[in-house]
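Taking the UniProt record's numbering, the leading residue of the sequence shown gets 1, the next gets one more, and so forth. First up is the structure itself, then whatever we jot down about it.
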Amino acid sequence: MEHKQGNPWPLLNTNADSSSKMNASDPLILHGSDNPGMMLVSHQLTGNNFLPWRKSMIIALGAKNKLGFVTGEVPKPSFDDESYADWRKIDWMVLSWILNSLSKEIAETFISAESSKELWEEIGQRYGENNGPLKYKLQREINTLTQGNNTAMEYFGKLKKLWDELACVGPVQSCNCEKGKLAAQHEHDTKLIQFFMGLNDSYENLKGQIMMMEPLPTINKAYSMVLSAERQRNVQNLYGETGAMMART
Numbered sequence: 001m002e003h004k005q006g007n008p009w010p011l012l013n014t015n016a017d018s019s020s021k022m023n024a025s026d027p028l029i030l031h032g033s034d035n036p037g038m039m040l041v042s043h044q045l046t047g048n049n050f051l052p053w054r055k056s057m058i059i060a061l062g063a064k065n066k067l068g069f070v071t072g073e074v075p076k077p078s079f080d081d082e083s084y085a086d087w088r089k090i091d092w093m094v095l096s097w098i099l100n101s102l103s104k105e106i107a108e109t110f111i112s113a114e115s116s117k118e119l120w121e122e123i124g125q126r127y128g129e130n131n132g133p134l135k136y137k138l139q140r141e142i143n144t145l146t147q148g149n150n151t152a153m154e155y156f157g158k159l160k161k162l163w164d165e166l167a168c169v170g171p172v173q174s175c176n177c178e179k180g181k182l183a184a185q186h187e188h189d190t191k192l193i194q195f196f197m198g199l200n201d202s203y204e205n206l207k208g209q210i211m212m213m214e215p216l217p218t219i220n221k222a223y224s225m226v227l228s229a230e231r232q233r234n235v236q237n238l239y240g241e242t243g244a245m246m247a248r249t
């Protein structure tokens with residue numbers, strides 16, 4: 001960690017050796033371009049765009065390795081802890097980034113927030129509304145969605161949109177611990193099953209083959225396999241129709 005004269009922020013030394021560069025994953029490290037006036041998202045919170053704003057901020061803070069400050073995974077150290085000063089400075093930086101992402105009128109109502117976590121939670125309480133009915137609605141749509149007359153691409157697109165909307169109203173998942181990895185794997189397996197449950201019966205053999213794979217493929221890999229099967233079936237149907245027409249002539 002390098003402290004430049006006249007700069008209170010703990011900066012990452014981009015010219016350091018490989019062991020120092022590994023510190024880039026330390027949430028208490030800033031890059032030289034980081035500053036309190038940065039705008040992390042392109043659209044500020046105006047009051048009626050909370051869900052897309054929240055998703056954008058989660059991505060932006062995650063990219064900066066600072067999401068743990070608002071989720072509590074990078075907790076405030078005790079005042080006499082040697083890391084307190086660095087934590088306080090970085091948290092102020094995150095606090096300023098969040099304030100910058102709010103419209104001027106909204107930001108002025110949160111000026112008394114003492115920490116980024118406090119600010120994040122207050123914004124959610126004020127603009128997040130009650131997500132219970134929305135979660136129920138989205139989950140119900142996911143559970144009842146079927147392919148029907150849609151192509152596999154159209155069906156998957158609708159399902160993916162519902163998954164993304166549900167993720168926007170769900171809790172922030174940023175833990176890289178074993179428990180977090182298990183939760184992520186469970187979510188992946190659940191989505192794979194949801195995808196297969198809505199597919200038409202003509203894919204039963206393929207679904208059975210995929211579910212027997214160990215480990216289970218990613219959602220995108222399974223989707224790719226379904227698309228390949230659909231294309232092959234369309235080609236076979238085309239040849240069959242062409243052959244039937246030629247036989248009639």
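Yeah, the Cβ is synthetic: ideal placement off N, Cα and C, and Gly gets one too.
- Setting aside the 5 residues that flank it on each side, methionine 57 is surrounded in the same chain by Leu40, Val41, Ile98 and Ser101, each with a C-beta closer than 8 Å to its C-beta; the list follows chain order.
- Here DSSP, grouped into helix, strand and coil, assigns leucine 216 to coil.
- Here leucine 206 carries a helix assignment [DSSP, helix/strand/coil].
- Between the C-alpha atoms of glycine 148 and tryptophan 53 there is a straight-line separation of about 34 Å.
- The residue from Ser224, Lys207 and Leu30 with its alpha-carbon nearest to that of methionine 153 is Ser224.
- With contacts defined by Cβ atoms closer than 8 Å, phenylalanine 195 and isoleucine 219 form a contacting pair.
- Rounded to the nearest whole angstrom, the CA to CA distance from proline 217 to asparagine 205 is 16 Å.
- Distance from phenylalanine 110 to isoleucine 123 at the Cβ level is roughly 7 Å; contact confirmed, criterion being Cβ atoms closer than 8 Å.
- Shown here, leucine 45 sits in a strand according to DSSP, grouped into three states.
- DSSP places leucine 134 in the helix class (H, G or I) of the three-state scheme.
- For phenylalanine 69, the enclosing alpha helix (DSSP H) starts and ends at 67-71.
- Per DSSP, reduced to three states, the secondary structure at leucine 40 is coil, with no helix or strand assignment.
- The criterion of a C-beta distance shorter than 8 Å is satisfied by serine 83 and leucine 28.
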